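Asker: Handing you a structure now.
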Amino acid sequence: MTGYDFKTAVQTAFFLAVIGGLISALLMVRNFRSARKMQFYRKRQQLQLKSIRFFILIIIFSGSAYFFNRYAEPAIYLVFPPTPTITLTPTITITPTVTLTPTITLTPTITETPSISPTPSLPESIQTLFEATIVPNDDVAFSPLVISKEIDENIQPVNPTIEFEQPLTILYATFSYVNMAPTNQWTALWYRIDDGTLICYETKTWDGGTGGYGYSDCSQLSSEWYAGTYEVQIFIGYDWKTSGRFIIAGEPPTPTFTPTLTPSTTNTLTPTNSRTPLPTHTATRTATQTTTLTRTFTPTVTKTTTITNTPLPSSTPRPTDTRWPSETPQRTP
Numbered sequence: 001m002t003g004y005d006f007k008t009a010v011q012t013a014f015f016l017a018v019i020g021g022l023i024s025a026l027l028m029v030r031n032f033r034s035a036r037k038m039q040f041y042r043k044r045q046q047l048q049l050k051s052i053r054f055f056i057l058i059i060i061f062s063g064s065a066y067f068f069n070r071y072a073e074p075a076i077y078l079v080f081p082p083t084p085t086i087t088l089t090p091t092i093t094i095t096p097t098v099t100l101t102p103t104i105t106l107t108p109t110i111t112e113t114p115s116i117s118p119t120p121s122l123p124e125s126i127q128t129l130f131e132a133t134i135v136p137n138d139d140v141a142f143s144p145l146v147i148s149k150e151i152d153e154n155i156q157p158v159n160p161t162i163e164f165e166q167p168l169t170i171l172y173a174t175f176s177y178v179n180m181a182p183t184n185q186w187t188a189l190w191y192r193i194d195d196g197t198l199i200c201y202e203t204k205t206w207d208g209g210t211g212g213y214g215y216s217d218c219s220q221l222s223s224e225w226y227a228g229t230y231e232v233q234i235f236i237g238y239d240w241k242t243s244g245r246f247i248i249a250g251e252p253p254t255p256t257f258t259p260t261l262t263p264s265t266t267n268t269l270t271p272t273n274s275r276t277p278l279p280t281h282t283a284t285r286t287a288t289q290t291t292t293l294t295r296t297f298t299p300t301v302t303k304t305t306t307i308t309n310t311p312l313p314s315s316t317p318r319p320t321d322t323r324w325p326s327e328t329p330q331r332t333p
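Going by my numbering, the first residue of the sequence shown is number 1, and it counts up by one from there.
Put into C-alpha cells, the structure is as follows:
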C-alpha cells in the first residue's frame with residue numbers, strides 16, 4: 001500500500017506543477033501586454049517585473065514537473081523500499097480448483113443437436129411445380145434477408161426489424177443478388193418454425209436481371225399470423241442460397257366481424273320479392289273501368305228513335321197499298 005501511496009503522491013505533485021506553470025505563463029503574458037500599453041513609466045516597470053517573476057515561476061514549475069515525472073518516485077523508493085510480500089496474497093486464487101467439479105457441464109453435448117438443421121432442402125411438393133429445366137448455378141450470391149412490413153419504390157425495406165407486433169397482414173423479405181440467369185428456377189419458402197408449417201411459397205422462372213435487389217412477400221389474414229418464430233428460405237434450383245428469421249409477438253386478432261355479414265344480405269332480399277306482386281294486383285282494378293264505357297252507349301239509343309220516326313208523315317205513297325191483293329199467297333196452305 002505504501003508504494004501505491006507514493007506513486008499517487010508523485011503524480012499529484014506532477015499535475016500541480018504543470019497547472020502552476022500554465023497559470024504562470026498566462027499571467028506573464030497578461031502582464032507583459034498590459035506593460036506595453038501602459039503610458040506611465042513606473043507602472044510599466046512594475047508590470048514588467050511581474051512578468052519576469054512569472055517567467056521565473058514557469059521555469060521552477062517546469063523543472064519540478066520534470067523532476068516529479070522522472071526522478072521523484074525512484075528517489076523515494078531508495079529511502080522507502082517497497083515490500084513485495086503483499087503480492088503473495090493472490091495465492092488464494094488457487095482455491096478455484098473447486099471449478100473442476102463442473103465436469104457435469106459435458107452433458108450439454110445435447111446442444112449439438114442443431115446439426116439436425118443442415119442446409120435447408122426443398123419439399124417434393126414444391127419440386128413438382130418447377131417450370132424450367134433445373135440448371136445448377138454456383139455463381140449466384142444472395143445477401144442476408146431483411147424483413148419489414150413495407151418496402152419503397154426502390155425495393156428497399158422500410159423500418160426493418162426482427163420482431164413484429166400484431167396485427168399483421170403482409171411481410172416482405174428483401175435481398176440483393178448477383179449472377180442470376182433467366183433460366184434459373186427461383187423459390188421462396190416461408191415457414192413457421194414452431195410447428196414446421198409452410199405458410200407461404202412462390203416458385204417460378206427468374207424474370208429479373210442478373211443483379212440488383214429483389215423481394216418475396218407473404219400475405220395472410222391477420223388472424224393467421226400466430227406468435228412464434230418464422231424463417232424465410234431462398235433456393236435457386238435445388239440449392240439453398242440464404243435464409244432469414246424473425247419473431248412475431250402478441251396474439252392475433254379474432255375475426256369476430258365475419259358472422260354478421262351473411263345474415264344482413266339474405267334478410268334484405270326476401271322482403272323485396274313479397275312486395276313486388278302487390279302493385280300488379282292494382283293493375284287488374286283498372287280493367288273495371290271498361291264497364292263505364294259500355295254505359296255510354298245507352299244514351300245513343302234514345303237519340304236514334306226520336307229522329308228516325310219523323311219520316312212517317314211521308315207515307316203518302318200509301319196509295320200504293322194496292323198490293324194487298326197479294327195476299328193470294330195465303331191460299332197456298
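Note that beta-carbon positions come from the ideal geometry of N, C-alpha and C, so glycine has one too. What you are looking at is a predicted structure, and each value in this text was computed from that prediction instead of being measured.
1. Comparing alpha-carbon positions, which option in N179, I23, Y71, W186 lies nearest E202?
2. Below 6 Å CB to CB, which residues in the same chain sit around W339 once its five sequence neighbours on both sides are set aside?
3. Nearest to F336 by alpha carbon, out of G209, Y177, N154, R30?
4. What residue from S121, P144, K43, Y238 has the CA that sits closest to T336's CA?
5. Going along the chain, which residues of its own chain have a beta-carbon closer than 8 Å to the beta-carbon of K7, five neighbours each way excluded?
6. In the DSSP assignment, find the unbroken beta strand (DSSP E) run with F246 in it and report its ends.
7. Quick one: measure Cβ to Cβ for S223 and P252, integer angstroms, because I've assumed they're closer than 8 Å.
8. Going by the DSSP bridge assignment, what does L198 pair with across the sheet?
9. Nearest-angstrom Cα distance between I193 and F164?
10. Does the separation of the CB atoms of A173 and G228 fall below 8 Å?
11. In whole angstroms, give me the CA-to-CA distance for T169 and A181.
12. Distance check for V79 and A9, CA to CA, integer angstroms please.
13. If you compare alpha carbons, which of I248, I234, N154 is closest to I126?
14. What are the start and end residues of the beta strand (DSSP E) that includes L171?
15. My assumption, with CB atoms under 8 Å, is that P160 sits in contact with S148. Please give the rounded CB distance.
16. By Cβ distance below 7 Å, which residues in the same chain neighbour G250 in space, the five residues on each side in sequence not counted?
17. In chain order, what are the residue ranges of uninterrupted alpha helix (DSSP H) at least 4 long that sit wholly in the segment 2–69?
18. Go ahead and label M28 buried or exposed: buried means 16 or more other beta carbons lie within 10 angstroms of its beta carbon, across all protein chains shown.
19. Contact defined as beta carbons within less than 8 Å: I believe L49 pairs with M38. What is the distance between those atoms, to the nearest angstrom?
20. Closest to Y213 by C-alpha separation, out of E153, R33, I59, would be which residue?
21. Counting only the same chain and skipping the five closest in sequence on each side, list residues whose C-beta sits under 7 Å from that of T12.
22. What are the boundary residues of the beta strand (DSSP E) that includes E73?
23. Alpha carbon to alpha carbon, how far is P144 from T242?
24. Which stretch, first to last residue, makes up the beta strand (DSSP E) that contains Q233?
25. Going by alpha carbons, who is nearest to L26 out of D139, I58, L221, E131?
26. To the nearest angstrom, how far is it from the Cα of D139 to the Cα of T183?
27. Classify P157 as buried or exposed, calling it buried when 16 or more other Cβ atoms lie within 10 Å of its own Cβ.
28. Roughly how many angstroms separate the alpha carbons of S62 and V18, rounded to a whole number?
29. Using the C-alpha atoms, what's the distance from S121 back to G346?
30. Please report how far the alpha carbon of P123 lies from the alpha carbon of T254, in whole angstroms.
31. For the alpha helix (DSSP H) holding E124, just list the boundary residues, first then last.
32. Whole angstroms are fine: how far does the CA of F54 sit from the CA of I23?
33. Indicate whether S51 and N69 have their beta-carbon atoms separated by less than 8 Å.
34. Can you tell me which of G20, I248, I236, R44 puts its alpha carbon nearest to the alpha carbon of W206?
35. Would you mind sorting F15 into buried or exposed? The rule is 16 or more other CB atoms within 10 Å of its CB.
36. Tell me whether I162 is buried or exposed, calling it buried when 16 or more other Cβ atoms sit within 10 Å of its Cβ.
Answerer: Walking through what the data contain:
1. W186
2. Given a span of 1 to 333 for the chain in the structure shown, any question on residue 339 remains unanswerable.
3. No answer is possible for residue 336: it lies beyond the span of the chain, which begins at 1 and ends at 333.
4. For residue 336 there is no data in the structure shown, the boundaries of the chain being 1 and 333.
5. E73
6. 239–249
7. 5 Å
8. Y191
9. 15 Å
10. no
11. 32 Å
12. 15 Å
13. I234
14. 170–178
15. 4 Å
16. E165, Q166, A227
17. 2–37, 41–67
18. buried
19. 12 Å between Cβ atoms; not a contact.
20. E153
21. none
22. Where E73 is concerned, there is no enclosing beta strand (DSSP E), although the alpha helix (DSSP H) it sits in stretches over 73–79.
23. 6 Å
24. 228–236
25. I58
26. 14 Å
27. buried
28. 7 Å
29. This structure cannot speak to residue 346, because the chain is shown only from 1 to 333.
30. 31 Å
31. 124–127
32. 9 Å
33. no
34. I236
35. exposed
36. exposed
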